[in-house]
Each structure stands twice: as structure tokens, then as C-alpha cells.
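So the structure is just underneath, and the comments pick up after that.
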Amino acid sequence: MMATRRMTVSQALVEFLAHQWTVDGDHRERTIPGIFGIFGHGNVAGIGQALAQLDAEGSRAMPYLQARNEQAMVHQAVGFARMRRRRATYASAASVGPGATNMLTGAALATTNRLPALLLPSDTFATRVADPVLQQLEQPWDIGLTVNDAFRPLSRFFDRVQRPEQLYSIALSAMRVLLDPAETGAVTIALPEDVQAEALDVPEEFLADRDWHVRRPLPERGALERAVAAIRSAERPFIVAGGGVLYSSAEDALRAFVEQTGVPVGTTQAGGGVLDWDHPQYLGGVGATGSTASNRLAAEADVVIGIGTRYSDFTTASRTAFQNPRVRFVNINVAAFDAYKHGTQSPVIADAREALVALTAELDRFQVSTGYAERIRQEKAEWDSTVDEALAPSGRDLPGQAEIIGAVQAATDPADVVVQAAGSLPGDLHKLWRVRDPLGYHVEYAYSTMGYEIPGGLGAKRAFDAAGDDRDVIVMIGDGSYLMMHSELVTAVAEGIKIIVVLIQNHGFASIGHLSETVGSDRFGTKYRALDPERRNFQGEQRLPIDLAMNARSYGLDVVEISPGADAIARLGEAVAEAKRSDRSTVIHVESDPLLYGPDGEGWWDVPVAEESTLESTRRARAEYEQQRTAQRPLLGGEETR
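Printed below as a string of C-alpha cells:
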């Protein structure tokens with residue numbers, strides 16, 4: 003007879019999660035090393051009780067972690083998963099109603115970034131014995147609908163445990179998707195508050211250790227041969243390297259391939275770190291926030307080799323990046339959905355590392371021409387010189403963002419990690435941050451979520467601390483994003499997690515302010531100003547008397563304020579160095595001039611401009627927009643007519 007244990011659904015789920023292991027070759031680690039939770043009436047007697055019981059028993063099988071915002075829980079899980087190369091993530095448990103829906107942004111972020119996060123939102127009573135309960139959404143046209151159904155389009159897997167017996171199949175299916183390289187993202191198990199507390203006889207087999215082996219599919223022979231033939235025919239091949247290179251630990255294989263063939267590499271935001279910045283074949287970021295070196299060669303490329311990229315509009319510069327009328331795409335991706343993009347006739351649906359190893363062997367006699375190699379060298383040298391100039395201190399009282407980046411980088415070690423997500427910083431970092439370690443660059447730019455930076459940085463730091471890696475995590479953040487989710491700094495203080503936050507104060511939304519100018523809206527609504535009582539807008543010059551440094555200090559962090567002055571950049575560098583020597587979290591507050599921009603990388607981003615307007619600025623912007631759009635191409639996979 004099968005051995006069983008009498009447990010609640012929550013107790014069984016928590017113990018099940020404690021026994022899941024990821025196996026990737028010779029590497030084995032806990033898939034779910036802990037659960038974030040914010041408790042309310044919807045889960046305090048379920049998941050909350052299960053975690054309390056483990057704690058009371060002295061078990062460390064499933065540690066509980068506290069957060070201040072449900073969205074931030076998921077962000078921490080995603081930051082952790084990125085640094086664990088998708089082999090591990092945290093679970094995030096929320097109460098019913100607003101606690102659950104607070105996680106929706108986190109779910110979308112995880113799925114868009116192809117990063118695993120396990121979401122356990124509580125749900126209203128499955129029995130409906132007391133409808134409507136507190137925080138229940140009621141729709142007369144569908145009584146069974148709950149707010150948790152909003153997770154369906156945001157999740158790679160969604161199910162609801164309506165009866166205790168469903169737990170087994172749901173939990174196993176959730177783990178399969180969570181660790182599938184082609185399918186991973188937000189995995190959501192909705193837990194009705196009554197079902198969480200119901201008991202059942204749980205087979206011991208369900209609670210035993212279980213290994214999940216990460217798939218590393220090899221390229222099919224025919225697909226590999228077609229890719230090899232396309233690359234051999236290329237005169238100006240160009241690689242677009244994305245996050246898939248890192249998630250398959252393929253950076254060494256990529257380096258071997260480009261050193262053998264001489265093919266240049268441009269990276270997406272997620273691909274930052276696949277090659278060190280000074281590698282001869284690395285030309286920097288590609289696309290709307292890319293370098294002139296990458297964008298010029300991408301424009302001329304006749305074969306584009308996409309490796310582990312989803313080809314977002316920033317990567318393709320809104321489909322203006324690849325201008326060769328005969329351009330073809332060889333797309334290597336573990337997900338067929340991404341491998342088939344741009345009408346490629348040479349998709350390689352395989353693990354990035356396995357595909358690169360196979361290509362290197364097949365192309366042992368292939369090298370780019372000496373003329374193309376010289377072009378690569380010249381474009382790289384020109385861009386490196388441009389970056390040197392941009393990073394240099396200007397001596398202004400209010401420094402520009404580029405020189406702030408330069409000061410921060412100069413004070414860091416090669417393995418240190420920069421974390422960012424939204425605003426003007428992603429563009430400047432993509433162009434200017436000189437990555438020196440495969441995991442040294444994490445800019446969440448698939449969903450580009452304001453407020454991700456601090457919790458995402460905490461998640462990244464958790465990953466390194468768990469591995470015994472003492473590298474520093476540097477969160478760079480503007481005041482707009484800081485105001486979205488600074489409360490997670492309390493988590494850093496509560497757990498003694500050390501991060502360094504460089505808070506750039508520019509008194510508004512600098513990135514959207516600049517974009518507003520380009521579309522003819524003249525920075526309307528993008529400044530942090532007091533309300534003008536006569537005009538009823540926020541376009542005046544009276545800045546808000548908000549002291550963000552004092553805010554950070556009130557949480558118990560060390561705070562360094564860099565006052566304006568000609569030596570501000572020097573003092574910033576000293577502050578970062580001092581923060582690195584400390585074992586406490588530090589916030590460094592520096593004011594900047596938002597009108598000083600980084601260098602132009604010759605990329606473009608399609609943001610529509612009003613077709614009709616009484617504003618002259620908008621009419622001028624529309625004319626420029628229509629001119630830029632003429633460079634857009636459908637990218638259908640072969641020779642095209644314009």
C-alpha cells in the first residue's frame with residue numbers, strides 16, 4: 003500500500019517545492035530555494051500556516067522571505083533567476099484580491115523576459131459558500147471569473163487548484179514549464195483560500211526529491227547544413243547575440259566561434275556580457291540604443307546570425323537596422339517562436355551552446371575577408387574613442403548621465419554587476435557600460451519596468467550571496483523609477499543584503515522628456531514641478547521640495563549626497579569606492595543635468611507622432627518621423643523589393 007501523509011494543500015505544496023532540483027549537466031541546485039510572501043486573510047491560514055509550521059519545527063527546507071510589495075517579490079525572483087541562468091527562482095505568495103493583482107506586472111515582466119518566476123496568488127472560495135467575500139470581483143456574466151484570471155494572458159502556465167486532488171498534476175505541470183528553456187516565464191498556480199487549508203492524504207512519492215534535467219537540444223542535421231551554407235555564402239555576416247547565449251552558458255562557445263571566423267557581434271540588452279567589451283569582434287549594443295559600430299555593420303550585413311534573441315523593436319531599430327536588400331537571417335533559438343522570426347528560411351531550433359559548437363566545427367575553414375576584418379577594427383576603434391570622450395568628466399556643476407556612468411564604472415571591479423530597467427539609463431548603459439563579466443550587465447529591457455531596479459538588484463545579490471560570490475551589485479536608477487518602488491530598500495536593511503544604489507536626481511522623467519521633445523510635445527507632463535494654479539499644469543519652474551536622500555536615510559541605509567560642483571564626478575567615484583568597502587547597503591544621491599545626452603549610435607525607434615496638430619513643434623516632428631519611416635522594411639527572409 004502506498005505510504006501517505008495527512009497534510010493540507012498548502013503544506014503539501016510547500017514541501018513539494020522544497021524537494022525540486024534543477025540538473026544542468028554536472029550542475030545541480032535547488033529549483034525553489036525560498037518563498038516570498040505577504041500575508042492577508044486569503045493565505046495566512048494556508049501558505050502562511052504551512053511556512054509557520056516548518057519554522058516552528060525547526061526545518062529550513064523552505065525559507066520564508068518577507069517583502070514590502072507583491073510586485074517587488076516577483077522582481078526579486080526574476081533578478082535571482084537571471085543570475086542563476088534560469089536554473090532557479092523563488093516562489094511568490096500573495097493574498098487574495100489586490101495582493102494577487104499586485105503581481106500582474108511582475109508576471110508580465112517574467113514572461114516577456116523569458117525568465118522563470120513561480121506565482122502563488124490566493125483566490126476566492128472555491129466552494130462559494132459565502133459569496134461575495136472580501137476583495138472578490140463579481141461579474142454577473144461570469145460568476146466563476148476571479149481577478150486571478152488576469153494572470154492567464156501573462157503566464158506561460160496557469161491553473162487553479164479547485165480540488166485538493168488536482169494539486170499533483172498541477173504542481174508537476176508547473177515545474178515542467180518553469181524549467182523548459184523554450185517555455186519558461188511566469189508560472190501561476192491560483193490557490194483558493196478555502197482549498198489552501200483543506201487536507202488530503204499525500205503520497206510520499208509526491209514529496210520526494212525530484213530532478214528536472216534542463217533540455218539542451220542539438221541542432222538537426224538539415225537545419226545545421228542550411229545555416230552553414232548561408233554563413234559560407236556571406237560576405238558581411240553579423241551576429242546579434244541575446245540573452246539565450248547566457249542562459250545556455252554559451253559565451254565560451256561564442257568566443258571560440260567569432261575568433262575562428264572573425265564574424266562581428268552586436269548584443270541586445272539581455273545579451274550584454276556575452277563578450278568582454280574589449281574583445282576585437284565585439285562592437286557593442288545593436289539597434290535603437292546601440293553603437294555606431296554595430297549599427298553600421300548591421301545595416302550592411304547580408305547574413306544576420308541571431309543567437310538567443312527575440313528581436314525586439316529596440317534590437318531591430320524598429321526594423322530599420324538591417325538595410326541590405328539581400329539580407330537573410332540564420333536564427334538560433336531554443337524556442338521555435340523566436341527562431342522563425344523575420345521570415346527566416348534557416349531556423350536552427352537548438353540550444354545556443356550546442357549550435358555554436360556544431361557551427362564552429364562545420365565552419366573550420368571559413369573566415370571573413372581581410373577587408374571586412376579591417377572595417378570591423380576601424381568601426382570598433384572609432385566607437386571606443388567616442389565612448390572614452392563621453393565618459394570623461396566635464397567639470398560642470400551638474401554632470402551629464404554619461405560621465406556619471408563613467409565615474410561609477412571606474413570605481414567598480416570587473417565582476418561587479420550593474421542593474422537597470424527603465425528611463426534614459428538603459429540606452430546610455432547599452433552604449434557606454436563596458437561589460438567585463440558574463441553576468442556583469444542586467445538591464446531588464448523586455449518589459450522595461452519602472453521600479454524593477456531595486457528589487458531586481460536585491461534578487462541578483464541574493465543569487466551571488468547564495469553562491470558565496472561577494473561581487474557588488476550596483477543599481478543605477480533615476481528619481482522617476484526610484485519613486486515607483488523604493489520601499490524594497492527596507493528589505494535590504496531587514497536582511498542585511500548589501501547593494502549599492504546610485505540615485506540620479508533630474509527632477510522628472512528624463513527619458514520621456516527627451517522623447518516628448520522628439521515627438522513635438524515639448525516635455526509636457528514630464529517634469530516634477532508644483533501644480534500651476536492658473537494654467538492647471540505642471541510646466542512651471544517650482545521644483546518639488548522632495549528630499550530623496552532623506553527618504554533613503556529614513557530606511558536605515560548609509561547615504562552619501564554628492565552636491566553640485568566642478569568636482570562632483572570625482573566625489574561620486576570616491577563614494578562608490580567607499581560603498582564597495584562597506585558591508586552595508588548604500589544610496590549615493592547625485593544631481594544631473596537631464597539635457598546632456600550620451601553619444602548618438604545611429605539607431606532609431608518608432609514612436610508615432612500626431613498626424614495633425616496645431617503645434618508647430620509637432621508638425622516638424624511629424625515631418626521628421628515620416629522621413630525616418632521610409633527606412634523600415636518588412637524583413638521577410640530573402641531578397642526584397644523596396
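In this note's numbering, the protein residues as written are 3 to 644. A virtual CB, placed ideally from N, CA and C, is assigned to each residue, including glycine. Keep in mind that this is a model prediction, so the values were computed, not measured.
Q. Is T10 helix, strand or coil when you go by DSSP?
A. Residue numbering aside, residue 10 sits at position 8 when the sequence shown is read from its first letter. Here T10 sits in strand by DSSP.
**Q.** Start and end residues, alpha helix (DSSP H) containing A556
**A.** What you label residue 556 is simply residue 554 of the sequence shown in a count that begins at 1. The question names Ala, but residue 556 in the sequence shown is Ser. That run of the alpha helix (DSSP H) goes 550 to 556.
Q: Count the other CB atoms, across all protein chains shown, that sit within 10 Å of the CB of A392; report buried if there are 16 or more and exposed otherwise.
A: Position 390 of the sequence shown holds residue 392. Classification for A392: buried.
Q. Is the segment 497 to 507 close to the segment 454 to 466, with three or more CB pairs under 8 Å?
A. yes
Q: In angstroms with no decimal places, state the Cα-to-Cα distance between T632 and D144.
A: What you label residue 632 is simply residue 630 of the sequence shown in a count that begins at 1. What you label residue 144 is simply residue 142 of the sequence shown in a count that begins at 1. The straight-line gap from Cα to Cα measures roughly 47 Å.
Q) Which residues mark the beginning and the end of the beta strand (DSSP E) in which F368 is found? A) Numbered from 1 along the sequence shown, position 366 holds the residue referred to as residue 368. Run containing F368: none; DSSP gives neither H nor E here.
Q: Assign E593 to one of two classes, buried (16 or more other C-beta atoms within 10 Å of its C-beta) or exposed (fewer than that).
A: Locating residue 593 in the sequence shown gives position 591, where the first residue counts as 1. So E593 counts as buried.
Q. From this set, D399, P142, N71, Q422, which residue's C-alpha is nearest G108's C-alpha?
A. Working through the sequence shown from its first residue, we reach residue 108 at position 106. Of the candidates D399, P142, N71, Q422, the one whose C-alpha sits nearest the C-alpha of G108 is N71.
**Q.** Close Cβ partners of F466 (< 6 Å) along its chain, the five nearest in sequence each way excluded
**A.** Residue mapping note: residue 466 aligns to position 464 of the sequence shown, counting from 1. So the qualifying residues of the chain are R473.
**Q.** N-terminal and C-terminal residue of the alpha helix (DSSP H) that A340 is part of
**A.** Numbered from its first residue, the sequence shown carries residue 340 at position 338. A small correction: the amino acid at residue 340 is Asp; Ala does not occupy that position in the sequence shown. It spans 338 to 341 - the alpha helix (DSSP H) in which D340 sits, taken as one unbroken run.
Q: Counting only the same chain and skipping the five closest in sequence on each side, list residues whose C-beta sits under 7 Å from that of M3.
A: Position 1 of the sequence shown, counting from 1, holds the residue named residue 3. Contacts found: none.
Q. So, using beta-carbon positions, are G48 and A199 closer together than 9 Å?
A. Taking the sequence shown and counting its residues from 1, the one referred to as residue 48 is at position 46. Taking the sequence shown and counting its residues from 1, the one referred to as residue 199 is at position 197. Contact flag set, yes.
Q. When DSSP builds the beta bridges, which residues end up paired with P123?
A. Position 121 of the sequence shown, counted from the start, is the residue given in the question as residue 123. Paired residue(s): A96.
Q. Can L256 and L358 be called in contact, C-beta distance under 9 Å?
A. The count along the sequence shown starts at 1 and reaches residue 256 at position 254. The count along the sequence shown starts at 1 and reaches residue 358 at position 356. Yes, they are a contact pair.
Q: Would you list, in sequence order, the uninterrupted alpha helix (DSSP H) runs of no fewer than 4 residues that lie entirely inside the segment 10 to 50?
A: 11 to 20
Q.
Contact criterion: CB-CB distance below 9 Å. Does H43 meet it with respect to chain D?
A. Absent from the structure: chain D. Only one protein chain is present.
Q: Determine the direct distance from the alpha carbon of V589 to that of A554, and round the result to whole angstroms.
A: In the sequence shown, the residue the question calls residue 554 occupies position 552. In the sequence shown, the residue the question calls residue 589 occupies position 587. Rounded to the nearest angstrom, the two C-alpha atoms are 7 Å apart.
Q) From E604 to Q634, what does the alpha carbon distance come to, in whole angstroms? A) The residue you call residue 604 lines up with position 602 of the sequence shown. The residue you call residue 634 lines up with position 632 of the sequence shown. Cα to Cα, E604 sits roughly 14 Å from Q634.
Q) For the candidate residues D608, P100, E618, V336, whose alpha-carbon lies nearest to that of Y627? A) The sequence position of residue 627 within the sequence shown is 625, counting from 1. Here the closest residue by C-alpha is D608.
(Q) Does the segment 373 to 383 come into contact with the segment 533 to 542, if we say contact requires no fewer than three beta-carbon pairs (one atom in each stretch) closer than 8 Å? (A) no
Q | Beta-carbon spacing of A128, R165 below 9 Å | A | Here residue 128 corresponds to residue number 126 of the sequence shown, with the count starting at 1. Here residue 165 corresponds to residue number 163 of the sequence shown, with the count starting at 1. In contact: A128 and R165 (Cβ atoms closer than 9 Å).
Q: Give the DSSP-derived three-state secondary structure of Y627 in the structure shown.
A: Numbered from 1 along the sequence shown, position 625 holds the residue referred to as residue 627. It is helical.
Q: For the alpha helix (DSSP H) containing N297, list its first residue and its last residue.
A: Against the sequence shown, residue 297 aligns to sequence position 295. Note, N297: alpha helix (DSSP H), 294 to 302.
Q: Select from A290, A176, A5, H509 the residue whose C-alpha is nearest the C-alpha of S157.
A: The count along the sequence shown starts at 1 and reaches residue 157 at position 155. Taking only the C-alpha atoms, the option nearest S157 is A176.
Q: Within the same chain, show all residues whose beta-carbon is closer than 7 Å to that of R8, passing over the 5 residues directly before and after it, in chain order.
A: Taking the first residue of the sequence shown as 1, we reach residue 8 at position 6. Cβ neighbours of R8 beyond the five flanking positions: A201, D203.
Q: Going by CA-CA distance only, name the one from H509, A625, E356, E446 that's closest to T528.
A: In the sequence shown, counting from the first residue as 1, residue 528 sits at position 526. Among H509, A625, E356, E446, the Cα nearest to that of T528 is on H509.
**Q.** Endpoints, alpha helix (DSSP H) assigned at P221
**A.** Residue 221 sits at position 219 when you count from the first residue of the sequence shown. Element bounds for P221: n/a, residue is neither H nor E.
Q. Considering only C-alpha positions, which residue in the set G458, V189, D57, S320 is nearest to R162?
A. In the sequence shown, counting from the first residue as 1, residue 162 sits at position 160. Minimum Cα distance to R162 is reached at V189.
Q | Nearest candidate by alpha-carbon position, reference R531, set I548, D524, V521, G345 | A | Walking along the sequence shown from the start, residue 531 turns up at place 529. The option with the nearest alpha carbon to R531 is I548.
Q | Buried versus exposed, by CB contacts within 10 Å (16 or more), T186 | A | The sequence position of residue 186 within the sequence shown is 184, counting from 1. Result: buried.
Q: State the Cα-Cα distance for the pair E642 and P266, rounded to the nearest angstrom.
A: The residue labelled residue 642 in the question sits at position 640 within the sequence shown. The residue labelled residue 266 in the question sits at position 264 within the sequence shown. Low confidence applies to E642: its pLDDT is 43, below 50, so where it sits in the model is not reliable, and the reading given next is rough at best. Approximately 24 Å between the Cα atoms of the pair.
(Q) Quick check on the burial criterion: 16 or more other C-beta atoms within 10 angstroms. Buried or exposed for L19? (A) Translated into positions along the sequence shown, residue 19 becomes position 17. With 16 or more Cβ atoms within 10 Å of its Cβ, L19 is classed as buried.
Q | Candidates I241, V131, L117, D278: closest to A184 by CA position | A | As a position in the sequence shown, residue 184 is number 182, starting the count at 1. A184 has its Cα closest to that of L117, out of I241, V131, L117, D278.
(Q) Just to confirm the assignment, what range does the beta strand (DSSP E) spanning D315 have? (A) Start at 1 with the first residue of the sequence shown, and residue 315 comes out as number 313. Careful: D315 lies outside any beta strand (DSSP E) and carries neither H nor E.
Q: Going by DSSP, name the residue or residues bridged to E563.
A: Translated into positions along the sequence shown, residue 563 becomes position 561. According to DSSP, E563 bridges with H591.
Q. Where A290 and E497 are concerned, what is the direct C-alpha to C-alpha distance, given to the nearest angstrom?
A. By one-based count along the sequence shown, residue 290 stands at place 288. By one-based count along the sequence shown, residue 497 stands at place 495. So the alpha carbons of these two residues sit roughly 39 Å apart.
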